[in-house]
Every structure is written in C-alpha cells, then in structure tokens.
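S.K.: Dropping the structure in here first, questions after.
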Amino acid sequence: MAGSAGLSSSPSSPAVRELCKNARDTFLEASRLLLTYADNILRNPYEEKYRSIRNGNPAFSTRLLPVRGAVECLFEMGFQEGETHMVFPKEASIEQLRKVRDLIAVERSSRLNESNQVHRSASSETVAITQAIAHQPSRPAGSVPTPDHQQPEPSLLQSLKMAADILTTLQSKCDHLILAYESTSLQQKALALIPLHN
3 MAGSAGLSSS
13 PSSPAVRELC
23 KNARDTFLEA
33 SRLLLTYADN
43 ILRNPYEEKY
53 RSIRNGNPAF
63 STRLLPVRGA
73 VECLFEMGFQ
83 EGETHMVFPK
93 EASIEQLRKV
103 RDLIAVERSS
113 RLNESNQVHR
123 SASSETVAIT
133 QAIAHQPSRP
143 AGSVPTPDHQ
153 QPEPSLLQSL
163 KMAADILTTL
173 QSKCDHLILA
183 YESTSLQQKA
193 LALIPLHN
C-alpha cells in the first residue's frame with residue numbers, strides 16, 4: 003500500500019521508483035528535501051553554496067541518507083559524491099536535474115492530493131453523522147427506549163467517535179504537511195535581514 007499508493011503509472015526514473023517504495027510519510031519528507039535541493043540550484047544555478055550538500059548535514063544524514071532511493075535520486079539529478087560533500091558539478095545537466103525533480107514533484111503532488119481527498123471525505127462523514135444525531139427525535143426523560151432504538155445509538159456514537167478520531171489524525175498530519183512548504187532558504191534570507199540586539 004505505502005509503496006504504490008500515489009503511482010498512476012511507474013515513473014521512468016529507477017531512482018524515483020525506488021523512492022516511491024518508501025512509506026508515505028518517509029517519501030513526503032525525503033521528496034520535500036530533494037525538491038528543495040533541486041529548486042535551489044534551478045533558482046541560483048551559479049551559486050556554489052546550493053551546488054553542494056555536506057555529508058554531515060543533519061537533514062541529509064538523517065532524512066535522506068537512510069531513505070531508499072533518495073541518494074540515488076541525487077545521483078540521477080547529476081550530483082557526484084565527494085569526500086565530504088555531494089556536489090552538483092558546473093558541467094552537470096540542468097535539464098537532467100529538472101527532469102528528475104519534476105518526476106519527484108508529480109509523485110509528491112499525487113500523494114498530497116490523496117491525503118486531501120481522504121481528509122475531505124472523513125470531514126464530510128463526520129458532518130453527516132453529527133447531523134444525523136442532531137436530527138434524531140429526543141425521548142422524554144422517563145421513557146424506556148424501545149428495542150429498535152437501543153442498537154443504533156451505541157453504534158452511531160461509536161461511528162461518530164471513530165470518525166472524529168480519524169479526522170483529528172488527518173488534521174494533525176495535514177498540519178505537519180503545511181509546515182513542509184516553508185522554504186528554509188527564504189527563512190535564512192529573512193533572518194539575515196532582521197537586526198539582532200543583545
């Protein structure tokens with residue numbers, strides 16, 4: 003399920019195919035980093051700092067290095083392994099970088115869209131269940147429920163609780179994904195412009 007959830011057809015890149023075999027959250031985090039590295043080079047092709055990734059960089063060593071297919075994606079983009087850095091050489095093809103980047107972006111977008119569809123579906127189910135409960139006729143306080151009313155209520159309440167739990171889980175996952183769109187390079191530029199007073 004996790005490996006092929008977002009694939010409508012298999013990507014033409016062996017490395018991206020391997021990357022897609024990871025669990026959904028692992029794929030989303032690794033693909034976000036890969037897209038960040040690629041986009042930085044595409045926006046600033048002549049800046050050396052964007053053309054190399056230090057092997058000791060915590061994001062690289064903990065969130066890319068152990069992920070199946072992630073380093074292979076860097077190699078397919080054109081990165082080469084140095085002693086202390088992964089380097090995108092000046093003579094490397096920007097078009098190849100863009101091609102692999104676009105394949106990763108399509109897969110990522112597909113998986114994010116699936117998440118949004120599940121979120122909307124769970125949300126509408128919760129609303130429907132809540133409305134069904136709200137429209138049930140109320141019984142007088144002293145009345146004894148008939149056998150017909152005893153079974154559906156616990157089941158309905160159980161369904162509502164389960165739907166609410168699912169919605170809460172999906173919302174927490176989506177909140178995390180929203181933060182994934184923040185660009186660290188833009189944050190660094192902003193921080194460089196903010197005066198610090200001690």
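For the sequence shown, my numbering assigns the number 3 to the initial residue and increments by one for each residue that follows.
The beta-carbon is built from N, C-alpha and C at its ideal position, and this holds for glycine as well.
As the structure is a computational prediction, the values presented were derived from the model and not from experiment.
Are E74 and E20 closer than 7 angstroms when you measure CB to CB?
M.R.: Cβ atoms of E74 and E20: closer than 7 angstroms.
S.K.: On the criterion of 16 or more Cβ atoms from any shown chain inside 10 Å, does E109 qualify as buried, or is it exposed?
M.R.: Buried: at least 16 other Cβ atoms inside 10 Å.
S.K.: Among K92, D41, A94, G84, which residue has its Cα nearest to the Cα of R56?
M.R.: Checked all of K92, D41, A94, G84; the closest Cα to R56 is G84.
S.K.: Is E85 helix, strand or coil when you go by DSSP?
M.R.: Here E85 sits in coil by DSSP.
S.K.: Quick check: the segment 91-100 against the segment 57-72, are at least 3 beta-carbon pairs closer than 8 angstroms?
M.R.: No, they do not touch.
S.K.: Taking the C-alpha atoms as reference points, what is the distance between L198 and P16?
M.R.: Distance between the alpha carbons of L198 and P16 is about 47 angstroms.
S.K.: My output table needs one value for A17: the three-state DSSP class, helix, strand or coil.
M.R.: Helix.
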